[in-house]
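Engineer:
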Amino acid sequence: MGKLINIDNGGTLTDFCVLDGDRLRYTKSLTTPHDLSNCFFEGLTRIAEQCFGEPDVARLLQDTDYIRYSTTQGTNALVERKGPRLGVIIGADDDLDALLRDAAARAVFAALVGDRVGRVDGAAEGDALDGAVTATVSKLTAAGANRLVVSLAGAEHEAAERAIERVVLRRYPSQLLGAVPVTFAAEMTHDADPARRLFTAVFNTFLHPAMERFLYSADHRLKRHRTRNPLLIFRNDGGSARVAKTIALKTYSSGPRGGMEGAIALAAHYGLSDVVSCDIGGTTTDVGWVVDGRAPQTTRGLVEDVAISFPLCQLHSEGVGGSSIVRAVDGKVIVGPESVGAVPGPACFGRGGASATMTDAALLGGIIAPDTYFGGELRLDVERAAKAVLDNVAGPLGTTPEAALEAIEAAWVAKVVAGIHRVGTPRPDTTLLAFGGAGAFVATRIAEALGLHDVLIPGLSAVFSAFGIGFSDLSQHYQANLARRDAAALEAAWNGLLGRARRDMFAEGTTLEECTVSGAIVMLGGGTETETVWQPGATLPAALGGAEEATLRLKVVKTIRRIPLPALTTPTPGVAATRGTREVLLKGLRTDVPLYRLEDLEPGACGEGPAIVEESYFTGRIDAGWRFTLTGNRDLRLTRE
């Protein structure tokens, strides 16, 4: 029984969670944005040292069944608008205003494409088509586009895009220096809706470079180490697959989806019916909901509030995290969405960063300590943090450093809370599941702002998304639009999808017979989405004929061994042992509060705020009026009096 390695790459830190027999091991490495394979192999080296007492990565890989990897690089690039300059080609008669249906679509298009739009008559042929394509490509590249998207509307859009593709391949072969990559929307999706097709292709093209550079590089390095199985990419649908079988758009919010898989597991473990999942990393806060054991998803997912052609879990990424840049503008504290990442990082990292961040504020406010952060491996610079806060917040506001720290925390909490409200409204019995490197910082204050009384901080909070990836299987998802809706048409569509699945799973190193195959018909009508389980031979749903849209879904799953959770028990209550005190800033005053180290506590240990609870890779301030208990699974359960 080999090891299972799960990796979640964030903008600031990269997390590793490994199932080694029945034992969980975990570590972190600082993300290296210039070459993500460096932090990837740094983490593997740390895990090898834990397993064998020596940095033998080759031995580790030989002893590993699967490596599953997720990344927020694409999500962060989209949040920060850091990516290629896109040009878009639409049909000569296509109505661009109709494709940009609402304010969200117009804002995204303006940011990613702008005025780099060209038109080609899809009905043109021969020299006329050649000339139109050549002129349009030249116009867009001269305007600065370094990647192009072709997305035509109309009933014959697929044939028209294929004709344009033939011209592009002939005129601009990929082996030529300076050839501009071109994405064709019809090759990505058969969605009948032209606006969704357009944005599916636009988002995928924007995300592709960040994914491509690292993933193929890492895959090749792993092969040189003779790893037993290819690198698997954890996707935003909750499954995993090889790099070659994963499109870039499927990595969008894949890290947060890992957190959702962990949230689903913990919600079931503790019997929680309504959980808001709040994953606060370095660059973003990723919010989702678990209701009655499930994470809601929509057939046409939303990216930046714009509909795409693929299903997505209902997650929202807010541009606020531990490394978000904080500054005062016109007397108001602004947080993010820009982030300093791992390089240069927060000012306190001492790597040249001069911007203030919540991490700097947490250091100066006593939440984190300079000598224990990141397991004591990264000593923080208090003076640099103080200067950053003074220069960027206290000075411009004309206030004291203490008042500036409180203003930073208030603005940061407000932005996290706003992100949560964009997903849903908590009920009085909702549990806040707070995790990520910065998730525990001020979790109780976030809960109070939401009106909640119950907070759960996982013992693996700092690597929780990597932990959640451990509940992922090897899988592929397929879907087909149902223009015809009789039994023969559905069976033909099913067989077409099944043929694709057979080929794809063979490429994954397994057979369809070793997999579980399931299907469903999803119907949209009157703003309502209905899903009915279906396979050939089953009765067609009565509502199928009248549905505005209907989609056939096929899911193929090869089960991978999962991370086990211990049986739920009620430990004997006891007083938590302290590790001394720490001076923290509370309501403008420096106050000594009890310090608890998670590794010192036994299940059942109880304490109350104000206090600091610390682990090697996460720290949280528990405010007055809150009590904590360590569960049998070594998670922190916080309740408000």
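Counting the sequence shown from 1 gives a position; my numbering is that position plus 96.
Think of the CB as a built atom: it goes at the ideal place given N, C-alpha and C, for glycine as much as any other residue.
Remember, predicted model here, so these are calculated numbers, not experimental data.
1. Mapping DSSP to helix, strand and coil, what is Asn102?
2. Between Gly210, Lys178, Asp289, Val204, which lies nearest to Ala66 when the distance is taken from Cα to Cα?
3. Along the alpha helix (DSSP H) that carries Ser350, what are the first and last residues, could you check?
4. Mark Glu609 as exposed unless 16 or more other C-beta atoms lie within 10 angstroms of its C-beta, in which case mark it buried.
5. Pick out whichever of Ala219, Glu257, His304 has its Cα sitting closest to the Cα of Pro180.
6. With DSSP as the reference, label Gln146 as helix, strand or coil.
7. Along the chain, where does the beta strand (DSSP E) that runs through Thr626 open and close?
8. Let me check understanding here. Comparing Cα to Cα, which of Glu505, Gln169, Lys651 lies closest to Thr612?
9. Once you ignore the five residues that flank Ala558 on each side, which residues in its own chain have a CB closer than 6 angstroms to its CB?
10. Taking the alpha carbon of Asp370 as the point to measure from, which residue in Gly378, Thr727, Ile360 has its own alpha carbon closest?
11. Determine the direct distance from the alpha carbon of Pro660 to that of Leu411, and round the result to whole angstroms.
12. Can you find the residues in the same chain that come closer than 6 angstroms, C-beta to C-beta, to Ala507, ignoring five residues on each side of it along the sequence?
13. State the start and end residues of the unbroken alpha helix (DSSP H) segment that holds Pro90.
14. Entirely within the stretch 666-715 and at least 3 residues each: give me those beta strand (DSSP E) ranges in chain order.
15. Going by other Cβ atoms of all chains shown within 10 Å of its Cβ, with 16 needed for buried, is Val293 buried or exposed?
16. Using only CA atoms, which one of Arg322, Thr665, Phe330 lies nearest to Ile656?
17. Shortest alpha-carbon distance to Ala207 belongs to which of Leu694, Leu174, Glu221, Gly472?
18. Whole alpha helix (DSSP H) runs in the stretch 194-275 with 4 or more residues, listed along the chain?
19. Just verifying my parser: in three-state terms, what is the DSSP assignment at Phe724?
20. Counting beta carbon pairs with one atom in the stretch 479-491 and one in the stretch 162-177, are three or more of them shorter than 8 angstroms?
21. Compare the beta carbon distance of Gly415 and Pro442 with 7 angstroms and say whether it is the shorter of the two.
22. Among Thr468, His517, Asp118, Leu685, which residue has its Cα nearest to the Cα of Gly98?
23. Please name the residue in Thr607, Leu732, Thr141, Gly592 whose C-alpha comes closest to that of Leu552.
24. Buried or exposed: where does Glu138 fall if 16 or more other Cβ atoms within 10 Å of its Cβ makes it buried?
25. DSSP state of Glu502, grouped into three classes?
26. In the DSSP output, what is Lys124 paired with across the bridge?
27. Using DSSP's beta-bridge definition, name the partner residues of Gly641.
28. Grouping DSSP H, G and I as helix and E and B as strand, with all else coil, what is Glu434?
29. From the DSSP secondary-structure annotation, give me the bridge partner or partners of Lys428.
30. Ordered along the chain, which non-local residues of its own chain (more than five positions away) have a Cβ less than 7 angstroms from that of Gly354?
31. Taking the beta carbon of Ala224 as the centre, do at least 16 other beta carbons fall within 10 Å, making it buried, or is it exposed?
32. When you compare the CB positions of Ala121 and Gln146, do they come within less than 7 angstroms of one another, or not?
33. For Ala450, count neighbouring Cβ atoms within 10 angstroms of its own Cβ and tell me buried if that reaches 16, exposed if not.
34. Going by C-alpha to C-alpha distance, which of Arg599, Gln572, Asp550 sits closest to Leu368?
35. Would you be able to state if there are at least three C-beta pairs under 8 angstroms between the stretch 374-385 and the stretch 321-328?
36. Could you tell me which whole beta strand (DSSP E) segments of length 3 or greater appear in the stretch 512-572?
Structural biologist: With the given structure in hand:
1. strand
2. Residue 66 is absent from the structure shown; the chain starts at 97 and stops at 737.
3. 350-366
4. exposed
5. Ranked by Cα distance from Pro180, the options Ala219, Glu257, His304 are led by His304.
6. helix
7. 624-629
8. Lys651
9. Gly533, Tyr713, Phe714
10. Ile360
11. So the two alpha carbons sit approximately 25 angstroms from each other.
12. Val429, Val431
13. This structure cannot speak to residue 90, because the chain is shown only from 97 to 737.
14. 677-682, 685-693, 701-704, 707-710
15. Note that residue 293 corresponds to Arg in the displayed sequence, not to Val. So Arg293 ends up on the buried side.
16. Closest by alpha carbon: Phe330.
17. Leu174
18. 199-208, 222-238, 253-267
19. In the structure shown, Phe724 sits in a strand (DSSP, three-state: E or B).
20. no
21. no
22. Asp118
23. Taking only the C-alpha atoms, the option nearest Leu552 is Leu732.
24. buried
25. It is helical.
26. As a beta-bridge residue in DSSP terms, Lys124 pairs with Asp111.
27. Bridge partners of Gly641: none, in fact.
28. strand
29. Val425
30. Asp104, Ser166, Phe330, Ser561, Ala562, Gly564, Ile565
31. exposed
32. Rather than Ala, the amino acid found at residue 121 in this sequence is Arg. Yes. Within cutoff.
33. Classification of Ala450: exposed, given that the 10 Å Cβ count is below 16.
34. Out of Arg599, Gln572, Asp550, Asp550 has the C-alpha closest to the C-alpha of Leu368.
35. no
36. 527-531, 550-553
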